[in-house]
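Chemist:
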Amino acid sequence: DNIVLEDERDLTNSANERVIFAENFIFLDFSIKELTNNLKGVEFNEKNINKNLNLTKGAILSEKLMLEFVKKGMGRQYAHELLRKINIKARNEELPIREILLENKEITSKFNHIEIDDMLNPENYIGTAISQVENLLKYLKEKYKL
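Residue numbering for the sequence shown follows my numbering, beginning at 110 and increasing consecutively.
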């Protein structure tokens, strides 16, 4: 009876596994139901969304600006530093970034005011969301052979 088990299994070590696996699925089911219930009641207040986006007076779109500057031939590090200075000036002077951009001859030599307005429109930029979703789909297709 007291022989050490070698390369054999009995119920001694599997009891917790049988309980943990079952409880994990129960918890997963509960989590999915809670998430579904929470998302059913989600409402978006466009007025508040726009208000929040405008709190930074355009600074929230610095990534978009930098990418567009690079497309027009500006070095990435230089564009980053230029935008850092523009953001600091805009914050210190409590001005929208648009005004500082339009004062900058280097920027206005590459972009007209319509292009600048377009870059500063948050509805025109979703960051890397598309590539993130594409990467996730690729991963899931490979992992689950879909």
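The beta-carbon is built from N, C-alpha and C at its ideal position, and this holds for glycine as well.
Would you mind working out which of F178, L246, L148, K166 sits nearest E224, comparing C-alpha positions?
Modeler: Comparing Cα positions, the closest option is F178.
Chemist: Spatial neighbours of G236 within its chain, please: CB distance less than 7 angstroms, with the 5 preceding and 5 following residues excluded, ordered by chain position.
Modeler: E172, listed in sequence order.
Chemist: For the putative contact between A168 and A199, defined by C-beta atoms under 8 angstroms, what is the C-beta separation to the nearest angstrom?
Modeler: The pair is a contact, with the Cβ atoms about 7 angstroms apart (cut-off 8 angstroms).
Chemist: Enumerate, from N- to C-terminal direction, the unbroken beta strand (DSSP E) stretches of 3 or more residues contained entirely within the stretch 111–185.
Modeler: DSSP runs (the beta strand (DSSP E)) wholly in the stretch 111–185: none.
Chemist: Alpha carbon to alpha carbon, how far is V242 from K181?
Modeler: Cα to Cα, the separation comes out at about 27 angstroms.
Chemist: Roughly how many whole angstroms lie between the Cα atoms of L255 and L249?
Modeler: Between L255 and L249, the C-alpha separation is close to 8 angstroms.
Chemist: If I206 sits next to K166, beta carbons under 8 angstroms apart, how far is it from one beta carbon to the other, in whole angstroms?
Modeler: At roughly 6 angstroms, the Cβ-Cβ gap stays under 8 angstroms, so I206 and K166 are in contact.
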